[in-house]
Amino acid sequence: MESVNSHQSKSDSICTWHSASSELTCKEPIYDIKNQFCLLHSVDPNKDQEAIKRYIESKHRRSDFNFAGGFFPGEVDFSNITLNNANFREAIFMKNANFSNSEFTVEACFFGAQFRENVKFQSAIFIDKAIFSEVIFGITAYFSDVYFKSWAGFIGSKFIGVANFNNAIFNAEAIFDSAEFNNEADFTETEITRLANFLFAKFHDKVIFHKTKFL
Ligand SMILES: [Zn+2]
């Protein structure tokens with residue numbers, strides 16, 4: 371019986387987060403005792419920014435980019451790096467997030483993520499699938515000069531601010547089905563080499579397809 375008890379106390383001390391859209395759970399130690407969440411999953415807006423920075427850096431050193439369900443109360447910088455297997459599913463970015471000039475080498479998942487302020491992917495490269503479905507873009511979403519080498523999906527995503535896809539290259543399917551553009555959607559000089567789908571997409575403001583190339 372003793373071993374059962376010790377097992378129970380061990381399981382009680384790990385984070386209780388679980389994904390709403392997948393089977394993912396978390397095994398990190400508890401940081402936020404009240405809500406039984408680890409440092410990454412704690413939704414405390416005042417959680418230790420420096421500790422989060424160190425946590426991101428230590429994961430980066432291990433090439434671990436699984437931040438599914440992460441709650442980022444401050445600005446985050448993932449620019450100019452290589453991200454293998456990036457998983458930001460359901461992550462919440464309360465401030466600006468920067469992924470500019472970064473390279474995503476394996477499938478990049480942002481499914482259900484929320485960017486409450488600006489997010490920059492300028493000149494980023496997605497080698498494999500780029501999953502941006504069900505994402506909420508709170509202010510401006512910068513995808514200018516992005517190279518989507520494989521399938522890119524923005525299914526059911528909501529752009530509250532400007533959606534900037536200037537000069538972006540979609541080398542495979544670009545799927546924007548049921549996406550909602552509440553502000554300007556700018557596809558100036560965007561290059562779409564295969565299928566572009568905007569089935570049931572809603573444009574509430576200006577949409578610019580100036581010099582857009584559908585090859
Ligand atoms: Zn956790």
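Be aware that the sequence shown starts at 371, since it is given in my numbering, and climbs by one per residue. Even glycine gets a Cβ: it sits at the ideal position worked out from N, Cα and C.
Residue 398 Cβ short of 8 Å to ligand 1 heavy atom set: yes
Pick from 527, 485, 491, 548 that is closest to residue 509, judged by C-alpha positions: 485
Alpha helix (DSSP H) segment containing residue 430, residue limits: 419-431
Within-9 Å CB hit, residue 582 to chain D: This model lacks chain D altogether, as it is built from one protein chain only.
Three-state class that DSSP yields for residue 561 in the structure shown: strand
Alpha-carbon spacing of residue 416 relative to residue 422, whole angstroms: 11 Å
Residue burial classification, residue 342 (beta-carbon count within 10 angstroms, cutoff 16): Outside the displayed range of the chain (371 to 585) lies residue 342, so it cannot be described from this structure.
Coarse secondary structure for residue 453, derived from DSSP in three states: For residue 453, the three-state secondary structure derived from DSSP is strand.
Cβ-heavy atom distance, residue 442 to ligand 1, below 8 Å: no
Classification of residue 501 by the beta-carbon crowding that lies within 10 angstroms, buried from 16 upward: buried
Heavy atom of ligand 1 within 8 Å of residue 453 beta-carbon: Checking the 8 Å criterion, the Cβ of residue 453 is out of range of every heavy atom belonging to ligand 1.
Beta-carbon separation (whole angstroms), residue 577 vs residue 546, contact threshold 8 Å: Incorrect: roughly 11 Å between the Cβ atoms, too far for contact.
Spatially closest choice to residue 399 from 524, 412, 573, by CA coordinates: 412
Inter-residue CB distance, residue 558 and residue 536 (contact presumed, cutoff 8 Å): 5 Å
Top-ranked residue by Cα proximity to residue 497, from 389, 520, 561: Minimum Cα distance to residue 497 is reached at 520.
Test item: CB-CB of residue 439 and residue 409 under 9 Å: No. Outside cutoff.
Simplified DSSP state of residue 415, which is helix, strand or coil: coil
Secondary structure of residue 388, DSSP reduced to three states: strand
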